[in-house]
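If you read the protein sequences in the order shown, they are chains A and B. Just so you know, the working numbering puts the end of the first sequence at 232, numbered straight through with nothing missing. Just so you know, the working numbering puts the end of the second sequence at 464, numbered straight through with nothing missing. In what follows, a structure is listed as structure tokens, so that the remarks can point back to it.
Number of protein chains: 2
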Amino acid sequence: MSKDHLKYLEKKLNYNFKNRELLERALTHSSFVNENNMEFYECNERLEYLGDAVLGLVIGEYFYKNFPEDREGSLTKMRAESVNEKALFFISKKLNLGDAIKFGKGEIKSGGRNRESTSADALEALIGAIYLDSNFENAKKIILYLFQDFLERDSYKSFNIDFKTKLQEEAQKSSKKAEYKLVREEGPDNNKTFFTELYLDEALVGKGKGKTKKESQQEAARDALNRSGKFV
Amino acid sequence: MSKDHLKYLEKKLNYNFKNRELLERALTHSSFVNENNMEFYECNERLEYLGDAVLGLVIGEYFYKNFPEDREGSLTKMRAESVNEKALFFISKKLNLGDAIKFGKGEIKSGGRNRESTSADALEALIGAIYLDSNFENAKKIILYLFQDFLERDSYKSFNIDFKTKLQEEAQKSSKKAEYKLVREEGPDNNKTFFTELYLDEALVGKGKGKTKKESQQEAARDALNRSGKFV
């Protein structure tokens, strides 16, 4: 972790730390403090704990506001999908976080630098550090900036739950037959929107739209599961 | 839920809502919207989801700052103990929240007004409503005001984990003998502080102080578990 790398990170985040120690701690893996006889609390574990809570609120509020009719179970699910290890690793790559982390030598040998969990944890720690260094509103701005594309493109969905499969499982439990009907297409060929309705034994249970047929079906399944409260 | 009761609540919270609908929604139980053919999202469930995240960050930060050497597992544990149903119900009683909630008639008949979970949920919803109505800093101030005594008196401990029992379980796993030694007492008779050291097979593994011998032993056990990373 060179001074240049820290500068690069600050530039990427569009944020300058008042307390550089916080930034450095956010990027210090436990293996480094263990090997160097430092106190355990000098690694990024505690900041990760704090950042996780900051992230939970910011992303939670995003879904609260963008899905004004979704139930708690659906909101919880989407949030969990957006802040799980895979998702955080995806975001951490924008910042080349893996290269910035200080490891112990043993950890490097065993491939620690490439472990997804390590970068994901460091991203949470970094968010915790920004929160402590400034305030909630600043941390929120930076989080939304980092996650914007990911959230707006609904990328969290592709990382995770397959709503159609889940719907199918629920349908089987009650011995019902699920049918997806494409009811409408809108827009020009290169920017179409598809509208799908989902029927269970011929009763309309969900509606969805999307940029592909498949996406509109997934959305219809999500809608149906949400209405039935079957998310949790 | 009368207008008087809402005023009473605002006075107790030392906060006046700009958007009274948010306050009313925070106090609307799902049974009320179900019985009155309202949309589900008009009950307090979604606000509870948001308030839970606000609370998680504020209480999380409290423990982060007040236990600067504790590991993530210990912080997570103390926070969980402070925001579980029992703890939230305890806090909600200060506000007489149970009396302020709008229920469906069926729910009232089945004793809903006295259910601890309902008041605990409404408290989270209320916190979510304050956050939306103002901002994070305001919500934080009000949460810390509501939780101050509870946190400072370490009340969350009495609601929950018995660290000595947990330590004993861990000691048995490794066939070690735990011994608590009272090493010092300080202060006058009516305000003593006790200092205890905890030994596992004669190795010093934890230290604790407290206002009673028992409390100092609990603290020593907590300290030992924390150092060993055995919290999670």
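Ideal Cβ placement from N, Cα and C applies to all residues, glycine included. Note that this is a predicted model, so its numbers are computed, not measured.
Checklist line | Any chain B beta carbon closer than 8 Å to A53 of chain A | finding: Along the first sequence, one-based indexing puts residue 53 of chain A at 53. With 8 Å as the cut-off, A53 of chain A counts as an interface residue toward chain B.
Next item on the list: Look up S434 of chain B in the DSSP assignment and say whether it is helix, strand or coil.
Entry: As a working mapping, residue 434 of chain B is identified with position 202 in the second sequence. The sequence as given places Glu at residue 434 of chain B; Ser does not occur at that position. Three-state DSSP puts E434 of chain B in coil, outside helix and strand.
Next item on the list: Going by DSSP, name the residue or residues bridged to F195 of chain A.
Entry: Reading the first sequence from its first residue, position 195 is the one you call residue 195 of chain A. BP columns for F195 of chain A point to A:R184, A:K209.
Next item on the list: Identify the continuous alpha helix (DSSP H) that holds V33 of chain A and give its terminal residues.
Entry: Start at 1 with the first residue of the first sequence, and residue 33 of chain A comes out as number 33. Segment 30–35, the alpha helix (DSSP H) holding V33 of chain A.
Check: With burial defined as no fewer than 16 other Cβ atoms inside 10 Å of the residue's Cβ, what is the status of S324 of chain B: buried or exposed?
Finding: Here the question's residue 324 of chain B lines up with position 92 in the second sequence. Per the 10 Å Cβ criterion, buried.
Notebook entry, point to check: Between the region 31–42 of chain A and the region 124–140 of chain A, do at least 3 Cβ pairs fall closer than 8 Å?
Noted result: These segments do not touch.
Next item on the list: Taking only the alpha-carbon atoms, compute the straight-line gap between D433 of chain B and E451 of chain B and give it to the nearest angstrom.
Entry: Sequence index remark: in the second sequence, residue 433 of chain B carries index 201 (1-based). Sequence index remark: in the second sequence, residue 451 of chain B carries index 219 (1-based). Taking the straight line from one Cα to the other gives about 19 Å.
Note to self: I need the DSSP call for K409 of chain B, collapsed to helix, strand or coil.
What the structure shows: Numbered from its first residue, the second sequence carries residue 409 of chain B at position 177. Three-state result, K409 of chain B: coil.
Note to self: Whole angstroms are fine: how far does the CA of T308 of chain B sit from the CA of R459 of chain B?
What the structure shows: Within the second sequence, the letter at position 227 stands for residue 459 of chain B. Within the second sequence, the letter at position 76 stands for residue 308 of chain B. The alpha-carbon atoms of R459 of chain B and T308 of chain B are separated by roughly 15 Å.
Checklist line | chain A contacts from the region 262–291 of chain B (Cβ-Cβ distance under 9 Å) | finding: E271, F272, Y273, E277, R278, L279, E280, Y281, L282, D284, A285, V286, G288, L289, V290, I291
Next item on the list: Rounded to whole angstroms, what's the CA-CA distance from S351 of chain B to L132 of chain A? Just pull it up for me.
Entry: Residue numbering aside, residue 351 of chain B sits at position 119 when the second sequence is read from its first letter. Residue numbering aside, residue 132 of chain A sits at position 132 when the first sequence is read from its first letter. A direct Cα-to-Cα measurement between S351 of chain B and L132 of chain A gives close to 32 Å.
Next item on the list: Answer with yes or no whether the minimum CB distance from F249 of chain B to chain A is below 8 Å.
Entry: Within the second sequence, residue 249 of chain B is the residue found at index 17, counting from 1. With 8 Å as the cut-off, F249 of chain B does not count as an interface residue toward chain A.
Check: On the three-state DSSP scale, how would you describe K18 of chain A?
Finding: As a first step, residue 18 of chain A is located in the first sequence; it is residue number 18 there, counting from the start. Three-state DSSP puts K18 of chain A in coil, outside helix and strand.
Item checked: First through last residue of the alpha helix (DSSP H) which encompasses D4 of chain A -> Taking the first sequence and counting its residues from 1, one reaches residue 4 of chain A at position 4. Taken as a continuous stretch (DSSP letters only), the alpha helix (DSSP H) holding D4 of chain A covers 3–13.
Next item on the list: On a CA-only basis, which of A:Y199, A:I142, A:E170, A:D162 is nearest E10 of chain A? Give me that one, please.
Entry: Taking the first sequence and counting its residues from 1, the one referred to as residue 10 of chain A is at position 10. Of the listed residues, the one whose Cα sits closest to E10 of chain A is A:I142.
Notebook entry, point to check: Residues of chain A with CB under 7 Å from T308 of chain B, in chain order?
Noted result: Locating residue 308 of chain B in the second sequence gives position 76, where the first residue counts as 1. Here the neighbours are Y49.
Check: Using the rule of at least 16 other Cβ atoms within 10 Å of the residue's Cβ for burial, across every protein chain shown, is V232 of chain A buried or exposed?
Finding: By 1-based counting over the first sequence, the position of residue 232 of chain A is 232. Here the model assigns V232 of chain A a pLDDT of 35, short of 50, so the residue's position is not dependable, and the following value carries that caveat. By the 10 Å Cβ count, V232 of chain A comes out exposed.
Item checked: For V58 of chain A, the first and last residue of its enclosing alpha helix (DSSP H) -> In the first sequence, residue 58 of chain A corresponds to position 58, counting from 1. Counting along the chain, the alpha helix (DSSP H) containing V58 of chain A begins and ends at 45–66.
Check: So which residues on chain A does P300 of chain B lean against when the C-beta distance must stay under 9 Å?
Finding: Against the second sequence, residue 300 of chain B aligns to sequence position 68. Close partners of P300 of chain B in chain A (Cβ separation under 9 Å): Y41, R46.
Next item on the list: Name the residue from B:L282, B:V290, B:T428 whose alpha carbon lies nearest to the alpha carbon of S74 of chain A.
Entry: Looking up residue 74 of chain A in the first sequence gives position 74. Of the listed residues, the one whose Cα sits closest to S74 of chain A is B:L282.
Margin query: Between Y145 of chain A and chain B, is the shortest Cβ-Cβ distance under 8 Å, so that the two count as touching?
Written below: Translated into positions along the first sequence, residue 145 of chain A becomes position 145. No, Y145 of chain A lies away from the interface with chain B (no Cβ there is under 8 Å from its Cβ).
Notebook entry, point to check: What residues of chain A sit near E293 of chain B, judged by a beta carbon separation below 7 Å?
Noted result: For this step, residue 293 of chain B is matched to residue 61 along the second sequence. Within 7 Å Cβ-Cβ: L50.
Note to self: Using a Cβ-Cβ cutoff of less than 8 Å, which residues in the same chain neighbour N246 of chain B once the five nearest sequence positions on both sides are dropped?
What the structure shows: Here residue 246 of chain B refers to the residue found at position 14 of the second sequence. Once the five neighbours on either side are set aside, the close Cβ partners of N246 of chain B are I374, Y377.
Notebook entry, point to check: Beta-carbon separation of E348 of chain B and K318 of chain B under 8 Å?
Noted result: Sequence index remark: in the second sequence, residue 348 of chain B carries index 116 (1-based). Sequence index remark: in the second sequence, residue 318 of chain B carries index 86 (1-based). Their beta carbons are under 8 Å apart, which means E348 of chain B touches K318 of chain B by this criterion.
Note to self: Quick test of the definition: if touching needs 3 or more C-beta pairs under 8 Å, does the region 206–224 of chain A touch the region 189–198 of chain A?
What the structure shows: With three or more CB-CB distances shorter than 8 Å, the region 206–224 of chain A counts as touching the region 189–198 of chain A.
Notebook entry, point to check: Which residues mark the beginning and the end of the alpha helix (DSSP H) in which K102 of chain A is found?
Noted result: If you number the first sequence from 1, residue 102 of chain A lands on position 102. K102 of chain A -> no alpha helix (DSSP H), and no H or E assigned at all.
Notebook entry, point to check: Applying the criterion that 16 or more other CB atoms from any shown protein chain within 10 Å of the CB defines a buried residue, is S406 of chain B buried or exposed?
Noted result: Counting from 1 along the second sequence, the entry for residue 406 of chain B is found at position 174. So S406 of chain B ends up on the exposed side.
Next item on the list: Report yes or no: is there a C-beta of chain A within less than 8 Å of the C-beta of F304 of chain B?
Entry: Here the question's residue 304 of chain B lines up with position 72 in the second sequence. The displayed chain sequence assigns Glu, not Phe, to residue 304 of chain B. Answer yes: the Cβ-Cβ gap between E304 of chain B and chain A drops below 8 Å somewhere.
Item checked: S92 of chain A - DSSP class collapsed to helix/strand/coil -> To locate residue 92 of chain A, count along the first sequence from 1; it is residue 92. Helix at S92 of chain A.
Notebook entry, point to check: With 16 as the cutoff for other CB atoms within 10 Å, does L182 of chain A come out buried or exposed?
Noted result: To locate residue 182 of chain A, count along the first sequence from 1; it is residue 182. L182 of chain A should be labelled exposed.
Margin query: Measuring only the C-alpha atoms, how far is F368 of chain B from P300 of chain B?
Written below: The residue given as residue 368 of chain B occupies position 136 in the second sequence. The residue given as residue 300 of chain B occupies position 68 in the second sequence. Taking the straight line from one Cα to the other gives about 23 Å.
Checklist line | Any C-beta of chain B under 8 Å from that of S228 of chain A | finding: Position 228 of the first sequence, counted from the first residue, corresponds to residue 228 of chain A. No, no contact with chain B.
Next item on the list: Can you give me the start and stop residues for the alpha helix (DSSP H) that Y273 of chain B sits inside?
Entry: Position 41 of the second sequence, counted from the start, is the residue given in the question as residue 273 of chain B. Careful: Y273 of chain B lies outside any alpha helix (DSSP H) and carries neither H nor E.
Item checked: Sequence-distant residues of its chain with Cβ nearer than 6 Å to G98 of chain A (five each side left out) -> Walking along the first sequence from the start, residue 98 of chain A turns up at place 98. If we look at G98 of chain A and ignore the five residues flanking it on each side, its Cβ neighbours are R113, S119.
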